[in-house]
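At position 105 of the sequence shown (counting the first as 1) the number is 93 in our numbering, and the numbers step up by one without a gap.
Virtual Cβ for every residue (Gly too), placed ideally from N, Cα, C.
Remember, it's a predicted structure, so these values are computed and weren't measured experimentally.
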Amino acid sequence: MFDKLLIANRGEIAVRVIRACREMGISSVAVYSDLDRDAMHVRAADEAYALGGQTAAESYLNTEAILDVIERSGATAVHPGYGFYSENADFARSITSRGVTFIGPPPEAIEVMGDKISARLAAERVGVAGVPGTNEVISSPDEVAAFGAEHGYPVAIKAAYGGGGRGMKVVGGPDEIEAALASAQREAVAFFGRGECYMERYLTWPRHIEMQVMADGHGNAVWLGERDCSAQRRHQKLVEESPAPLLDDAVRKAMGDAAVAVALGCGYTNAGTVEFLYQDGEFYYLEMNTRLQVEHPVTEMVTGIDLVREQIRVAAGEPLSFTQAEVTCVGHAIEARINAEDPADGRFLPSPGTLTALRVPDGFGIRWDGGYESGDTISQYYDNLIGKLVVWGSDRDTAIARMQRALGELRVVGVATTAAAHEAIMAADDFRAGTHSTKWVEEQLDLSDVSGKADAPPDAPDDSDELPRVRRDVVVEVDGKRFSVSAWVPETAGAAPAAAAARPRRATSAAAAGGGSGRVTVPMQGTIVKVLVEVGQEVAAGEGVVVLEAMKMENSINADRSGTVDEIKVAPGDTVGAGDVVVVIS
């Protein structure tokens, strides 16, 4: 077994792996960006090393910096988590070429399945059919137009090296192709470092059902039940559950057998997920995620199997600790992703900021996998997942009731969250009946009266006179390695504010600009990635004027009135804050 393991990730998944390491007697090593200097995963690890930089590209996607930390720390294994480098064959190969174990599949399997085009071909070779689509990288918008003319609209443009709904855009007609393709390519580069995309038919009312698989290096491969991930927005999952409601056992077994066949067909080892779309009694292969999934806790809750522990064991060369016959699913589990987003009116706008208060629920059958604590800041530069609220019940109705109770106890102050949207989902008749689809949240769920914001807690009592001195924990770095030291200082002494990081020029602030004034403002902090209009151009109310990226999601900022563009106050690359004016229309 490994003696020291480095987690090449951040947030709740890094904390999850660190906890598994502690239980297994393995020393954990965290890495962090400048913005994550005092993040929860850094505080939890046995050792922590600075990568430098703020954005993902400058830090968690900086291969040389991570390789340097591996060498300096003496880590003998690397767990990539999910996102970032988790499905990057070049990164895995750079790890293994140094004699360090990559906790995941072989680079060759990542290459086959990480490229969604070759993954479709690999599935077809073992007799598993996918959604009708292309097996070539899109080279021009004309190819999308030709596919749409042949197969009809809508058409899904998807990142060839992506997953999790990132780098995916749905085209409703020919006039949307060029903008959708460019947006998908930008997101693919931002999340996965590569911009290649392909396309496939977009089903009208599908359910998203995925199979958890696990394979070892001794020829054993099993499936551990399914997860229904149909409650989504922007093609990203909100709620996951296991088992899937209203799924025939024969279909379930056929889907599980297909998932194992796909895994064995590409020489897969470690944990992976084979995703399917299910509609009208038929299922279609979608993609294989060659990593641990965000929603893995629901499988753990119904099977009793610690998937992270099993990942580490398999990577160390041990066989699976169970057989297919020994996999038993008991009860029902549901996971709600608590994201820093405001779901008001179904917009799900990113909401970066500082958590001034966080109280998580407790009680029988409840689990919280979090990456933040009170006082932590959620940055616009990273994913907006605060934590995952997971419940178990003896049956689905019990699990839904327990989730409703848990959501009622959850309290997050300082940022808006998706908790209110989850409450609406749990109460909706369609969800409770299991008749929802991947399009249901955006097309049918009523979120008009929902707000993601919580009231601020009352001020804490002033006890400044009780102690003349208090202990302060201070973080220092020695040669790039993080250490925590303590000092007793006068209570009035506070830490000096951190130096402000250099940032691109900011747009002129006008938080008080009202709707319909012609002064178009942005609703959240983020980065301008594209300006869609020119000075002197005529625009209609509701027409996009700029594209804003916040928490790695692109948002179209639209004109609040019809008229002529008088002034454009931003350019691509500018950082803006909530209320900043970006375009002026007369």
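Here glutamine 299 is near alanine 259, since their CB atoms are less than 8 Å apart.
By the beta-carbon neighbour count (other beta carbons within 10 angstroms, threshold 16), arginine 335 is exposed. Distance between alanine 559 and arginine 174, taken at the CA atoms: about 16 Å.
Taking the C-beta atoms as reference points, isoleucine 374 is found nearer than 8 Å to alanine 328.
Between the region 283 to 297 and the region 114 to 125, the count of C-beta pairs closer than 8 Å stays below three; the two stretches do not touch. Assigned with DSSP and collapsed to three states, tryptophan 193 falls in coil, not helix or strand. The bridge partners DSSP lists for cysteine 185 are Ala147. Given a length threshold of 4 residues, each whole run of the alpha helix (DSSP H) inside the region 14 to 69 is given here in chain order: 28 to 32, 51 to 61. For phenylalanine 264, the enclosing beta strand (DSSP E) has its first and last residue at 258 to 267.
Methionine -11: not part of any beta strand (DSSP E); DSSP gives it neither H nor E.
Between threonine 365 and glycine 341, the gap from beta carbon to beta carbon is short of 8 Å. Of the residues Val290, Ser218, Tyr186, Leu(-6), the one whose Cα lies closest to the Cα of lysine 146 is Tyr186.
By the C-beta density criterion, alanine 144 is buried, having at least 16 other C-beta atoms within 10 angstroms. Along the length of the region 349 to 434, whole beta strand (DSSP E) runs at least 3 residues long occupy 354 to 358, 373 to 381, 399 to 401, reported in chain order.
DSSP places lysine 557 outside both helix and strand once states are collapsed to three, so it counts as coil. Glutamate 214 and arginine 420 have their C-alpha atoms roughly 18 Å apart. Rounded to whole angstroms, the separation of the alpha carbons of alanine 387 and glutamine 200 is 21 Å. Only residues of its own chain outside the window of five on either side were considered, and among them Arg399, Val400, Val401 have a CB closer than 7 Å to the CB of alanine 442, listed in chain order. Taking a contact to require three or more Cβ pairs closer than 8 Å, the region 70 to 79 and the region 276 to 294 qualify as touching. The Cβ atoms of valine 403 and alanine 321 lie no closer than 8 Å to each other. Glutamate 323 is positioned such that its CB atom lies no closer than 8 Å to that of valine 262. The three-state secondary structure of phenylalanine 336, taken from DSSP, is coil. The beta carbon of leucine 212 sits closer than 6 Å to those of Gln200, Thr287, Thr291, Val315, all from its chain and outside the five residues before and after it, given in chain order.
Rounded to whole angstroms, the Cβ separation of aspartate 245 and alanine 232 is 16 Å, and the two are not in contact under 8 Å. For the pair of segments examined, the region 545 to 563 was found to touch the region 509 to 519: the number of CB pairs separated by less than 8 Å reaches three. Checking the DSSP bridge columns, you'll see glutamate 465 partnered with Arg470. For the pair valine 564 and valine 533, the CB atoms are not nearer than the 8 Å cut-off. Judged by DSSP in its simplified three-state form, valine 119 adopts coil rather than helix or strand. Taking serine 21 as reference, the option from His206, Arg4, Thr43 with the minimal CA-CA separation is Thr43.
DSSP, read as helix, strand or coil, puts cysteine 217 in strand.
A residue is called buried once 16 or more other Cβ atoms fall within 10 Å of its Cβ, and aspartate 385, having fewer, is exposed.
Taking valine 473 as the centre and dropping the five residues before and after it, the same chain places the C-beta of Val462, Val464 closer than 7 Å to its C-beta, in chain order. According to the DSSP assignment, leucine 343 belongs to no alpha helix (DSSP H), since it is labelled neither H nor E. With fewer than three CB-CB distances shorter than 8 Å, the region 524 to 532 does not count as touching the region 159 to 166.
Cβ atoms of glycine 150 and alanine 167 stay farther apart than 8 Å, at about 18 Å.
Going by DSSP, threonine 291 is part of the alpha helix (DSSP H) stretching over 284 to 291.
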